[in-house]
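Undergrad: Using this note's numbering, read the sequence shown as starting at 1181 and increasing by one per residue.
Backbone N, C-alpha and C fix where the C-beta goes; we use that ideal spot for every residue, glycine too.
In this text the structure is predicted, and so the values were computed from the model without any measurement.
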Amino acid sequence: MGMGTDTKPPPSGSSKLAVDSEEEDGGVEIMKLEDAEPAGQQRETWTRRLEFVLASVGYAVGLGNVWRFPYLCYRSGGGAFLIPYVIMLFLCGIPLLFMEYAIGQYTRLGPVHGLAKICPLLKGVGLATVVISFVLATYYNVLMTWALYYLFNSFGSTLPWQSCNNTWNAVSNCSTGFPGNATHLQSASQQYFDRKLLEMTGGIEDAGGVRWELFGLLALAWLIIYFCIFKGVKSTGKVVYFTATFPYFMLFALLINNVQLPGAKDGILYFLMPNWSKLLEVQVWVNAAAQIFNSIGIAFGSMISMASYNKYNNNILRDTFVVSLANSATSIVAGFVIFSAIGYMAHIHNLPVDDIATDGPGLVFVVYPEAFSTMPVSQLWAPLFFFMLLCLGLDSEFAMVEVAVTCIMDGFGVKVLRVFKRKELLVLAVCSVGFLLGIPHITRGGIYVFQLMDHYTAVVSLMFLAFFEVLAVTLIFGVERICVMVENMLGKRPNLYFRVCWQFLSPMLVLGILISSIIQYTPARYGKSYTYPLWAEVLGWFISLISIIWIPLGAVHEIWRNKGSLLQRLKVALRPTVDLEPIHALPEKQRVHSESITLFSTSQ
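1) Reducing DSSP to helix, strand and coil, say where residue 1705 ends up.
2) With burial defined as no fewer than 16 other Cβ atoms inside 10 Å of the residue's Cβ, what is the status of residue 1486: buried or exposed?
3) For residue 1637 and residue 1627, what's the separation of their Cα atoms in angstroms?
4) Could you give the first and the last residue of the continuous alpha helix (DSSP H) run that contains residue 1681?
5) Just to confirm the assignment, what range does the alpha helix (DSSP H) spanning residue 1429 have?
6) Quick check on the burial criterion: 16 or more other C-beta atoms within 10 angstroms. Buried or exposed for residue 1633?
7) By DSSP, does residue 1239 sit in helix, in strand, or in coil?
8) Is the distance from the Cβ of residue 1424 to the Cβ of residue 1238 below 8 Å?
9) Enumerate, from N- to C-terminal direction, the unbroken alpha helix (DSSP H) stretches of 4 or more residues contained entirely within the region 1611-1652.
10) Could you give the distance in angstroms between the alpha-carbon of residue 1388 and the alpha-carbon of residue 1624?
11) Taking contact to mean 3 or more Cβ pairs, one atom from each stretch, closer than 8 Å, check whether the region 1449-1469 and the region 1254-1263 are in contact.
12) Taking only the alpha-carbon atoms, compute the straight-line gap between residue 1234 and residue 1228 and give it to the nearest angstrom.
13) Just mark residue 1207 as buried or exposed, buried being the case when its beta carbon has 16 or more other beta carbons within 10 Å.
14) Under 8 Å, Cβ to Cβ, is there at least one residue of chain B near residue 1387?
15) Please determine if the region 1549-1558 and the region 1470-1489 are in contact, where contact requires at least 3 C-beta pairs separated by less than 8 Å.
16) Comparing alpha-carbon positions, which option in 1284, 1536, 1723 lies nearest residue 1484?
17) Anyone know if the C-beta pair for residue 1315 and residue 1726 falls short of 8 Å?
18) What are the boundary residues of the alpha helix (DSSP H) that includes residue 1751?
19) Give me, in chain order, the residues of the same chain whose beta-carbon lies closer than 8 Å to that of residue 1482; leave out the 5 immediate sequence neighbours on both sides.
20) Run the CB neighbour count on residue 1275, radius 10 Å, all protein chains shown included, and call it buried at 16 or more, exposed below.
21) How big is the Cα-Cα spacing for residue 1702 and residue 1747?
22) With distance defined between alpha-carbon atoms, name the residue in 1289, 1263, 1705 nearest to residue 1460.
23) Just to confirm before moving on: does the CB-CB distance between residue 1339 and residue 1562 stay below 8 Å?
24) For residue 1727, report the span of its alpha helix (DSSP H) as first-last.
25) Just verifying my parser: in three-state terms, what is the DSSP assignment at residue 1287?
26) Closest to residue 1604 by C-alpha separation, out of 1411, 1251, 1267, 1273, would be which residue?
27) Excluding the 5 residues flanking residue 1215 on each side, which residues of the same chain have their C-beta closer than 6 Å to its C-beta?
28) Have a look at 1594, 1500, 1382, 1619 and flag the residue whose alpha-carbon is nearest the alpha-carbon of residue 1674.
29) Quick check on residue 1758: does DSSP put it in helix, strand or coil?
30) Would you kindly report the start and end of the unbroken alpha helix (DSSP H) that includes residue 1370?
See the structure below:
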């Protein structure tokens, strides 16, 4: 059922039972799920609960855990930062993840149609989360392209970023180590990234043509994604057994290796040394909350989408704690891995740790490759590290692409299958569009496009979407209704901790982050010196609006399609259409098995 196709609000009902208002033979017709969905397209479920957990952990644990958290930690007070980080995890991250799981599992719909049932007035929030996820997927896969490039080039007898004696090096300002305060010098690994991998131009205004090597690898990356998800959760569920677990073996192997290196202790101490005065700075608390949001993936729609493939009575409370705590523990372990290597590099080159530590792609594609070039058995560690990056990215990419496919199938399943015949061809079409939209990022000026997209998608847009999602669910739909949903599925109400967080703490925190993001807004930059021209900034805001604009458009459309005065239309638009009547309260003949979820008929 497409969003907004009806001229009247749907009848009161449930995502469990579909009651057709046209009574036949004095009875009420129950429309089961298999009749509500396209013929032959009964909604899939995960084969095992472990597959859902691994897919969620794989999505949450991504490249940001490796390059963003460690840098943010030591810049925000070292070990002291863990205090606001853990507080924000329990006051914001865990409650909101539980909330998203509940919506997806109860409605058995993706974020677009699931949130439209929760709060019709803000139905645009669901579509906005799908749009931001797919936009993110188009450039996130570029990171997989870079990882593949490094992986394929790390099997030689020597690593190509080890020396300055290569055709791509500018020998006059190339240093085989880190240049420290000598700003006119670049490390060999930095030149490999800039001049060999990217062949970067001087700015976004100079595209410089396509890098055909990266073009081929981008196609390969999307091909890998396609073959991992083309069968839906049945194929993804099998792949995540490897892609979600292998990075942990690699992280612990790297940790064991790195802590034995000279200088590793200094790097770890620099990472953890608490600066208690930082706890008095508001920005540190905002950074902690923002890191939780970005890392777990709140407001991207992917968690709602994956939970929609659960069985109705799956224990999402247990899964919430497993996914959240695994994500945070991985971030902390990654911090030890990264900073032990940075401490080693500082020791080798006799430089302060601060001169080497950085965040973003530079950490994993410049600093860490340089560290490998001086480690024992570098030809072993380098390929394994980049393969680990590939696995980390693939899991996140699976979920971001799947949420788009889920949205299309939920809204236009019958029409789409008339065109594509098979769901596998729809997935191929979605992946093909993602590939085409990723091409600007693999031009010679593509790194500037990448940075612009990342800033205005993952920083600016996300907090707007998160605020309106929390507004729609906790304040308009209401905490009491969420509790009834959870009780219907799990047989018990959420405890006081979740109710207080949903009612007061989480909304206030999200609002605080949003206000802080607006007040402290800074234009996008690349590196320390490049500033974007005005037209690029305008383009960046347009990229943000691609997702945000659906929120007011959805609200206007919902008010317009209803009848009556403006106040009457608003009342109808604020009325949820998901039924909260417990299964056990229904007459025996109207009950369905708790795992046979059903949807409303659109008949009036």
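TA: The answer reads as follows:
1) Strand, per DSSP.
2) Residue environment: residue 1486 is assigned as buried (16 or more neighbouring CB atoms within 10 Å of its CB, all protein chains considered).
3) When rounded, the distance between both Cα atoms is 15 Å.
4) Under the DSSP assignment, residue 1681 falls outside any alpha helix (DSSP H); it carries neither an H nor an E label.
5) Secondary structure note for residue 1429: its alpha helix (DSSP H) is the uninterrupted segment 1426-1438.
6) Around the beta carbon of residue 1633, a 10 Å sphere encloses 16 or more other beta carbons of the protein chains shown; the residue is thus reported as buried.
7) DSSP, read as helix, strand or coil, puts residue 1239 in helix.
8) Yes, the pair counts as a contact, with Cβ atoms nearer than the cut-off.
9) Fully enclosed alpha helix (DSSP H) runs of 4 or longer: 1626-1634, 1642-1650.
10) Each residue's alpha carbon lies about 5 Å from the other.
11) Touching, yes.
12) Distance between the alpha carbons of residue 1234 and residue 1228 is about 10 Å.
13) Summary for residue 1207: the model assigns pLDDT 34, below 50, so the residue's position carries little reliability, and this model does not support an answer.
14) In the displayed structure, chain B is absent; only one protein chain is listed.
15) Output reads no: the region 1470-1489 does not touch the region 1549-1558.
16) Checking every option, the nearest Cα to that of residue 1484 belongs to 1284.
17) Less than 8 Å separates the beta-carbon of residue 1315 from that of residue 1726.
18) From DSSP, the alpha helix (DSSP H) with residue 1751 extends over 1746-1753.
19) Beyond the five residues adjoining it in sequence on each side, residue 1482 comes within less than 8 Å, by CB distance, of 1239, 1313, 1579, 1580, 1582, 1583 in the same chain, given in chain order.
20) Burial call: buried.
21) Their Cα atoms are separated by approximately 39 Å.
22) Selected option, being the one with the closest Cα: 1263.
23) Closer than 8 Å, so yes.
24) Start and end: 1714-1728.
25) It is helical.
26) Of the residues 1411, 1251, 1267, 1273, the one whose Cα lies closest to the Cα of residue 1604 is 1411.
27) Low local confidence applies: a pLDDT of 33 at residue 1215 is under 50, so the model's placement there is unreliable, with the coordinate-based value given in what follows. So no residue of the chain qualifies.
28) Minimum Cα distance to residue 1674 is reached at 1500.
29) In the displayed model, residue 1758 falls within coil according to three-state DSSP, outside both helix and strand.
30) Segment 1368-1371, the alpha helix (DSSP H) holding residue 1370.
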